[in-house]
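Scroll down for the structure; my scribbles are underneath it.
Numbering (my numbering), first residue to last: 75 to 703.
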């Protein structure tokens, strides 16, 4: 590994953003244990109710701490890392006792919620990939979707001489290898859930009453009412037992034997196993599944169908309709739960192969919808849902969807596409209070900063995220409600750890796609002295420019007395390579590197500005770290 020790120019003026960044990290380190103490018992379980029914909820438990190991991997404390593992085990135990978790994974649920809870285990790989239990879990969880451990998921098979023949049993296995499809939208460690019960959905009823009905041909009363976003739709009262039974029967008959786009998020779970093992079977599974869906999209004229029947036929259980599937085009989320899994899966495929052509899958979908759009008052409105009457719910397309594609491709056409959206010229400059559920509400202002249109963004985002920590700590101190009455989202709404600004500024990448995406960033840091991932104590980092073949970085040693030694890695998983490093402050001195890692020595009080030359997606991705953890 090449070592670069930058010449000592004397003390530098420490920039405001560097002081703010270090203070934010220190503040979250202090806040985390207070949050944990307020809401958990001695064994780490939530101070909450004794029973929680249905299939919902474990994802919310995991979401309450999911970003703690990621924070550690960025530079958070060892204590936060240790407690993140303790709390994962505690959530797993508590929701196993409730009945949602089986073999440390949801027995059955959909991949919007699997994706949310799985972020936690993906971040463990970034924190410390040498933990054997994490590796074993990654392999076991991937096995649920590769039909490798059915005898463990179904003990009745353990003594069967026909065990091997049962590996592809249509009622037990999630994966159909012949048709390259996941057999149900509700799946997990217990296999596909073809028949859903009233109890499975008991915690969903109140919220689903707020949204459009999943089908419009059912003999049930409906009322034209606004959805939470104001759109007028026909709603049914899910709290009415007769109505609920009718809807549930239709869901079981029409939807629960289908593959749906949402299942593509499972590619992250399989990629997670690959990042630990480098076994080709995981890569093959991901590519097979992505390409199978790509074929279905082509077969459907460029529009992604939202239901694939048990024989691999589009609309097979929906009277030939390519729409109306679970979390599909008619569901409240519409486009969002189509494009997110397509994007997640395509990004995983690029990570594994270096082939940018996979991005054509989500990009093509967005372009198709833009072609179907209409312009009103100078603004392009894009259809977000499809019903029996055709395309509906015309509204502005969120630039966030194309933003992830642009970030990976660094393609000029994707950049131009992003700049077609009005938001990129107005509200996208503004740093908003709060953080959102996915901690991902500031992609726009960060993009404008990278595009040299929002120069004060680093100070603004660091100040706002610090303010959000203080707001949440105030809520925690004044939270005197009855835990028996708390909603299952209560704890995640006050989690004081957030990573969006730190990821953007230090690693040069966006927050992950919240419903199950992997981390895609330009670089990571490791503290060689402490033998751990993350920025060394007193070191701050700022990525200010991104090009296809370069990254501009500022590194600051805020200590006036201690020299710092750190390692930089190209990409979250070493998937990139540094070609060279140019010192922008010292006569543009250039150092040849040609490696995915480089050691940097920073003198006390020293600031360096570097231009890192890149070759992207040229290395095999792995959780392996340039340390002896």
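For glycine and all other residues, C-beta sits at the position ideal for the given N, C-alpha and C.
Looking at C-alpha atoms only, which residue of the options is the closest neighbour of residue i?
i: residue 295; options: 303, 286, 302 and 301; result: 286
i: residue 617; options: 576, 649, 179 and 288; result: 576
i: residue 16; options: 93, 649, 138 and 133; result: Here the chain covers residues 75 to 703 and nothing more, so residue 16 does not appear.
i: residue 476; options: 688, 654 and 417; result: 417
i: residue 189; options: 142, 261, 149 and 205; result: 261
i: residue 486; options: 385, 263 and 620; result: 620
i: residue 95; options: 200, 541 and 421; result: 541
i: residue 351; options: 108, 214, 504 and 539; result: 214
i: residue 427; options: 123, 362, 369 and 267; result: 362
i: residue 118; options: 379, 167, 515 and 661; result: 167
i: residue 472; options: 505, 507, 515 and 463; result: 515
i: residue 623; options: 420, 652, 610 and 107; result: 652
i: residue 83; options: 661, 282, 205 and 671; result: 661
Taking just the CA atoms, how far does residue j sit from residue i?
i: residue 344; j: residue 646; result: 17 angstroms
i: residue 690; j: residue 182; result: 37 angstroms
i: residue 353; j: residue 391; result: 36 angstroms
i: residue 569; j: residue 644; result: 30 angstroms
i: residue 170; j: residue 126; result: 11 angstroms
i: residue 160; j: residue 341; result: 27 angstroms
i: residue 522; j: residue 78; result: 32 angstroms
i: residue 186; j: residue 411; result: 8 angstroms
i: residue 435; j: residue 674; result: 39 angstroms
i: residue 688; j: residue 322; result: 52 angstroms
i: residue 237; j: residue 554; result: Here residue 237 scores only 47 on pLDDT, less than 50, and its place in the model should not be relied on; the value that follows carries that caveat. Their backbone Cα atoms lie some 54 angstroms apart in a straight line.
i: residue 557; j: residue 128; result: 19 angstroms
i: residue 458; j: residue 395; result: 17 angstroms
i: residue 241; j: residue 333; result: In this prediction, residue 241 scores a pLDDT of 49, lower than 50, which makes its location untrustworthy; the coordinate-derived value is nonetheless stated afterwards. So the alpha carbons of these two residues sit roughly 19 angstroms apart.
i: residue 491; j: residue 502; result: 15 angstroms
i: residue 534; j: residue 520; result: 10 angstroms
i: residue 136; j: residue 648; result: 27 angstroms
i: residue 275; j: residue 406; result: 17 angstroms
i: residue 699; j: residue 607; result: 8 angstroms
i: residue 531; j: residue 123; result: 42 angstroms
i: residue 149; j: residue 610; result: 7 angstroms
i: residue 263; j: residue 250; result: 15 angstroms
i: residue 175; j: residue 130; result: 10 angstroms
Given a cut-off of 8 angstroms on the beta-carbon distance, is the pair residue i and residue j in contact?
i: residue 257; j: residue 331; result: yes
i: residue 474; j: residue 455; result: no
i: residue 279; j: residue 313; result: yes
i: residue 615; j: residue 600; result: no
i: residue 382; j: residue 255; result: yes
i: residue 142; j: residue 571; result: yes
i: residue 677; j: residue 637; result: yes
i: residue 685; j: residue 626; result: yes
i: residue 155; j: residue 201; result: yes
i: residue 297; j: residue 309; result: yes
i: residue 193; j: residue 586; result: yes
i: residue 657; j: residue 682; result: yes
i: residue 384; j: residue 336; result: no
i: residue 437; j: residue 371; result: no
i: residue 196; j: residue 592; result: yes
i: residue 430; j: residue 483; result: yes
Over the uninterrupted alpha helix (DSSP H) stretch that includes residue i, give me the two end residues.
i: residue 137; result: 132-137
i: residue 543; result: 531-551
i: residue 469; result: Residue 469 -> not in any alpha helix (DSSP H); beta strand (DSSP E) instead, spanning 464-469.
i: residue 421; result: 410-427
i: residue 57; result: Here the chain covers residues 75 to 703 and nothing more, so residue 57 does not appear.
i: residue 187; result: 185-201
i: residue 524; result: 517-524
i: residue 99; result: 90-113
Span of the beta strand (DSSP E) holding residue i?
i: residue 642; result: 638-644
i: residue 674; result: 671-676
i: residue 206; result: Segment 206-217 is the alpha helix (DSSP H) holding residue 206; no beta strand (DSSP E) there.
i: residue 153; result: No beta strand (DSSP E) contains residue 153, which is instead part of the alpha helix (DSSP H) from 152-172.
i: residue 79; result: 76-79
i: residue 627; result: 624-631
i: residue 688; result: 681-689
i: residue 587; result: First-last for residue 587: undefined, no H or E at that position.
i: residue 600; result: 597-601
i: residue 445; result: That residue, residue 445, is in no beta strand (DSSP E); its alpha helix (DSSP H) goes 434-446.
Can you tell me the Cβ-Cβ gap for residue i and residue j, rounded? I've got them flagged as a contact below 8 angstroms.
i: residue 481; j: residue 583; result: 7 angstroms
i: residue 603; j: residue 639; result: 6 angstroms
i: residue 440; j: residue 413; result: 7 angstroms
i: residue 103; j: residue 151; result: 4 angstroms
i: residue 184; j: residue 460; result: The Cβ separation is near 20 angstroms, so there is no contact.
Could you check if residue i belongs to the surroundings of the ligand FMN, using beta carbon to heavy atom distance under 7 angstroms?
i: residue 647; result: The ligand FMN is absent from the structure shown, which contains no ligands of any kind.
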